[in-house]
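Its first residue numbered 1, the sequence shown is counted upward by one per residue in the numbering used here.
Beta carbons: idealized from backbone N, C-alpha and C, even for Gly.
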Amino acid sequence: AGRLGIPAMVHEECLTGLEAWQATVFPSPLCWGASFDPGLVERMSAHIGRTMRRLGVHQGLAPVLDVVRDLRWGRTEETIGEDPYLVGLIGSGYVRGLESAGIVATLKHFAGYSASRGARNMAPVSIGPRELADVLLPPFEMALRAGARSVMNSYTDLDGVPVAADATLLTGLLRDGYGFTGTVVSDYFSVAFLHTLHGVASSRTDAAQLALQAGIDVELPMVDCYGEPLRTGIESGVIDMALLDRAV
Numbered sequence: 001a002g003r004l005g006i007p008a009m010v011h012e013e014c015l016t017g018l019e020a021w022q023a024t025v026f027p028s029p030l031c032w033g034a035s036f037d038p039g040l041v042e043r044m045s046a047h048i049g050r051t052m053r054r055l056g057v058h059q060g061l062a063p064v065l066d067v068v069r070d071l072r073w074g075r076t077e078e079t080i081g082e083d084p085y086l087v088g089l090i091g092s093g094y095v096r097g098l099e100s101a102g103i104v105a106t107l108k109h110f111a112g113y114s115a116s117r118g119a120r121n122m123a124p125v126s127i128g129p130r131e132l133a134d135v136l137l138p139p140f141e142m143a144l145r146a147g148a149r150s151v152m153n154s155y156t157d158l159d160g161v162p163v164a165a166d167a168t169l170l171t172g173l174l175r176d177g178y179g180f181t182g183t184v185v186s187d188y189f190s191v192a193f194l195h196t197l198h199g200v201a202s203s204r205t206d207a208a209q210l211a212l213q214a215g216i217d218v219e220l221p222m223v224d225c226y227g228e229p230l231r232t233g234i235e236s237g238v239i240d241m242a243l244l245d246r247a248v
């Protein structure tokens, strides 16, 4: 615990096994999809979860539920397949296994990451509401029903709105629509990216405000914007304390 007596939440990457020295490495998610066997994937992730639990880890940053249909995208090997139903079934199996070991499963990347323009990583996503609803969102809804307790935002923007600042998606759909009551965590540095990459925030304090308003509870991997920039915004009255209370 830190100086305030609040215990740390330890997270690790675990998509194909715990990312640690001498931990077992399992086949890639593309292989899971090719197996058509959610039960097998559940057994695998339960084993992964048990190894994490023994080390005192609380949260796993998996599974990846991005439906990918343009194989030029550089993170295709992290994905399960091109069919939303298959991705949802297999991803749900992974969630059940990890959560059965007491590890918080984190659904990635909500939503649209794999559909970026020209398959360029982190490029804008130009997609209509019908394709978003039919192709990209179903795996997340299925995996939430399987018991996932955390969701991670996508780096990209959807039709010009960065997901990390999109309250319609992260609160309106995720919480009000799907009834999600868990924790929304930022992909690494994506809160700061609102300032440095997307250019919709004039400072890290503004970025913190936008992300909190959208519904991001925890900034990963460090308090880049949710540290001193957030404190400055709270103390100056620029950021409403109620947004901080909601995230806590």
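| said: At the level of alpha carbons, what is the spacing between Tyr155 and Gly5? | reply: Roughly 32 Å separates the two Cα atoms.
- Euclidean distance between Cα positions of Gly49 and Gly237: 42 Å
- State the Cα-Cα distance for the pair Gly97 and Pro63, rounded to the nearest angstrom. 11 Å
TODO: Using a threshold of 7 Å, state whether the C-beta atoms of Asp157 and Val184 are closer than that.
DONE: No. Outside cutoff.
Check: Who pairs with Ser203 in a beta bridge, going by DSSP?
Finding: DSSP output for Ser203 lists no bridge partner at all.
- Message: At the level of alpha carbons, what is the spacing between Thr76 and Ser114?
- Response: Rounded to whole angstroms, Thr76 and Ser114 show a C-alpha spacing of 8 Å.
>> Looking at Ala123: is its Cβ nearer than 7 Å to the Cβ of Leu65?
In response: no
Exercise for review: Return the bridge partner residues of His11 from the DSSP annotation.
Suggested key: Gln59
Once you ignore the five residues that flank Glu82 on each side, which residues in its own chain have a CB closer than 6 Å to its CB?
Arg69
Under a Cβ-count criterion, where at least 16 other Cβ atoms within 10 Å of its own Cβ denotes burial, should Asn153 be classed as buried or exposed? With at least 16 other beta carbons inside 10 angstroms of its own, Asn153 counts as buried.
Note to self: So, at 8 Å on beta carbons, what are the nonlocal neighbours of Arg145 in its own chain, with the 5 sequence-adjacent residues on each side left out?
What the structure shows: Ser92
Practice problem: Return the residue from the list Thr181, Gly227, Phe193 that minimises the CA-CA distance to Gly215. | Solution: Thr181
For Ala148, does the three-state DSSP call read helix, strand or coil?
Looking at Ala148 - three-state DSSP - the assignment turns out to be coil, as it is neither helix nor strand.
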